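Engineer: Numbering-wise (this note's numbering), the sequence shown opens with residue 282 and increments by one.
Built from N, CA and C at the ideal position, the CB exists for glycine as well.
Bear in mind that the values here come from a model prediction, so they are computed numbers and not experimental data.
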Amino acid sequence: MSLKDVFKCKNSTKRLIKKVKKRPLPQHIAIIMDGNGRWAQKRGLPREIGHRYGSEAITDIVEISAKIGIQYLTLFAFSTENWNRPDEEITALMDLLVEYLQKKLDYLYDNNIKLNVLGDIDAFPDHVQKEINYALDKTYSNTGLKLNIALNYGGRKDIVRATKRIIKDIQLGILNMDDINESVFAEYLYTADMPDPDLLIRTSGEYRISNFLLYQIAYTELWFSKSNLLWPDFNQKDLLRAILDYQGRQRRFGGIK
Ligand code: IPE
Ligand code: IPE
Ligand code: MG
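1) Of the choices Val398, Gly486 and Val301, whose alpha-carbon is the least far from that of Lys507?
2) Kindly indicate which three-state DSSP category Tyr353 falls into: helix, strand or coil?
3) If I follow the unbroken beta strand (DSSP E) through Lys295, where does it start and stop?
4) Is the closest heavy atom of ligand 1 to the C-beta of Met375 under 7 Å?
5) Return yes when the Cβ of Leu495 is within less than 8 Å of the Cβ of Arg437, no when it is not.
6) Can you pull every residue whose C-beta falls closer than 5 Å to some heavy atom of ligand 1, listed in chain order?
7) Three Cβ pairs or more, each shorter than 8 Å: is that satisfied between the segment 419-433 and the segment 392-407?
8) Could you tell me the boundaries of the beta strand (DSSP E) in which Ala431 lies?
9) From the DSSP secondary-structure annotation, give me the bridge partner or partners of Phe359.
10) How should Val287 be labelled, buried or exposed, when 16 other C-beta atoms within 10 angstroms of its C-beta is the threshold for buried?
11) Please determine if the segment 316-330 and the segment 284-300 are in contact, where contact requires at least 3 C-beta pairs separated by less than 8 Å.
12) Under the assumption that Leu382 contacts Ile413 (Cβ atoms under 8 Å), give the Cβ distance between them as a whole number of angstroms.
13) Where does Glu502 fall in DSSP's three states?
14) What is the DSSP secondary structure of Leu481, counted as helix, strand or coil?
15) Is any heavy atom in ligand 2 found nearer than 7 Å to the beta carbon of Asn363?
16) Measuring only the C-alpha atoms, how far is Gln532 from Pro478?
17) Buried or exposed for Ile400, please, with buried defined as at least 16 other CB atoms from any protein chain shown within 10 angstroms of its CB.
18) In angstroms with no decimal places, state the Cα-to-Cα distance between Lys323 and Thr484.
19) I'd like the ranges of any beta strand (DSSP E) spanning at least 3 consecutive residues and lying wholly in the segment 315-398.
20) Which of helix, strand or coil does DSSP assign to Ala473?
21) Closer than 7 Å: is that where the CB of Ser491 sits relative to any heavy atom of ligand 2?
22) Please state whether DSSP places Ile440 in a helix, a strand or coil.
23) Thinking just about the alpha-carbon of each residue, which of Asn433, Val379, Gln517 and Arg446 is nearest to the one in Tyr415?
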């Protein structure tokens, strides 16, 4: 890219930011970061390289989200079904997660970003758990963007886990069955205390949810990219364009406008 192109690019991002800020922002954006493997395959590279470039794409998306004032950003990084992949790929994903945290923790901390995990990390190797817990502790008191990373997360598992926790509280006498309603139920999910996602983005042209946030997306606006936009290429302008698209929609929640 020439210097002129860099300026052009920065200016068009600025213009998009200005436009996006004119209308109410989504409070909570969730992203299914898909297509790392295909990105690598297209270049004749191993899938792991796609994941590496994918993890780098996260940095810019976190930065722009914090900059424009998104309150919650939830990234699907590893699903309960991703255990079905070859061991080497799973190990590469864990290594990248550790590397991401080691490299970016100071940035997250300095920018008042609070990290949170959705999912069960007990299944992860000890050193990975340790790194995650360190990052959670370090950013615990931050009050800016809430950055949720979904790790070993599955929407069905989230619902089953919530049900079990509810039963336990009933047995302990903390909760009455008659008091359970949809919002009480939501408080037992990994996303307790958070608003439901307003916008769910999926890259790579797959039109499915793949067991992400099933309970929480009842009225979420969905945005699917074309199949030529794979996660490692998803940039700040793509996010801003998705938000603009969201802002042009009419949410009715079953009512009429
Ligand atoms: C998304 O990219 C990252 C994870 C699921 C961890 P994929 O690895 O699913 O990439 P594709 O879908 O095979 O291209
Ligand atoms: C969903 O992508 C999970 C993550 C992005 C972490 P997958 O690539 O695993 O989904 P499927 O298998 O294509 O549905
Ligand atoms: Mg995929």
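Structural biologist: Looking at the atomic coordinates:
1) As a position in the sequence shown, residue 507 is number 226, starting the count at 1. The shortest Cα separation from Lys507 among Val398, Gly486 and Val301 belongs to Gly486.
2) Against the sequence shown, residue 353 aligns to sequence position 72. Of the three classes helix, strand and coil, the one that applies to Tyr353 here is strand, per DSSP.
3) For this step, residue 295 is matched to residue 14 along the sequence shown. First-last for Lys295: Leu284 to Val301, but that is the alpha helix (DSSP H), not the beta strand (DSSP E).
4) As a working note, residue 375 is residue 94 in the sequence shown. Because no heavy atom of ligand 1 lies under 7 Å away, the Cβ of Met375 does not count as near it: no.
5) For the purposes of this step, residue 437 is taken as the residue at position 156 of the sequence shown. For the purposes of this step, residue 495 is taken as the residue at position 214 of the sequence shown. Taking 8 Å as the Cβ cut-off, Arg437 and Leu495 qualify as a contacting pair.
6) Asp315, Gly316, Asn317, Gly318 and Arg319
7) yes
8) For the purposes of this step, residue 431 is taken as the residue at position 150 of the sequence shown. It spans Lys427 to Tyr434 - the beta strand (DSSP E) in which Ala431 sits, taken as one unbroken run.
9) Residue mapping note: residue 359 aligns to position 78 of the sequence shown, counting from 1. In the DSSP output, where bridge partners are listed per residue, Phe359 has Leu432.
10) The residue you call residue 287 lines up with position 6 of the sequence shown. It is exposed - the Cβ of Val287 has fewer than 16 other Cβ atoms within 10 Å.
11) no
12) Numbered from 1 along the sequence shown, position 101 holds the residue referred to as residue 382. Numbered from 1 along the sequence shown, position 132 holds the residue referred to as residue 413. Indeed, because the Cβ distance is near 7 Å, the residues count as touching under 8 Å.
13) Reading the sequence shown from its first residue, position 221 is the one you call residue 502. Three-state result, Glu502: strand.
14) Locating residue 481 in the sequence shown gives position 200, where the first residue counts as 1. Correct three-state label for Leu481: strand.
15) Here residue 363 is taken as the residue at index 82 of the sequence shown, counted from 1. Yes, since a heavy atom of ligand 2 falls inside the 7 Å radius drawn around the Cβ of Asn363.
16) Position 251 of the sequence shown, counting from 1, holds the residue named residue 532. Position 197 of the sequence shown, counting from 1, holds the residue named residue 478. In the sequence on display, residue 532 carries Arg and not Gln. When rounded, the distance between both Cα atoms is 13 Å.
17) Taking the sequence shown and counting its residues from 1, the one referred to as residue 400 is at position 119. In the sequence on display, residue 400 carries Gly and not Ile. Classification of Gly400: buried, given that the 10 Å Cβ count is 16 or more.
18) The residue you call residue 323 lines up with position 42 of the sequence shown. The residue you call residue 484 lines up with position 203 of the sequence shown. Approximately 16 Å between the Cα atoms of the pair.
19) 353-360
20) Working through the sequence shown from its first residue, we reach residue 473 at position 192. Looking at Ala473 - three-state DSSP - the assignment turns out to be coil, as it is neither helix nor strand.
21) Indexing the sequence shown from 1 puts residue 491 at position 210. Indeed, a heavy atom of ligand 2 lies less than 7 Å from the Cβ.
22) For the purposes of this step, residue 440 is taken as residue 159 along the sequence shown, with counting starting at 1. Looking at Ile440 - three-state DSSP - the assignment turns out to be helix.
23) Here the question's residue 415 lines up with position 134 in the sequence shown. Residue Val379 is the option with its Cα nearest to Tyr415.
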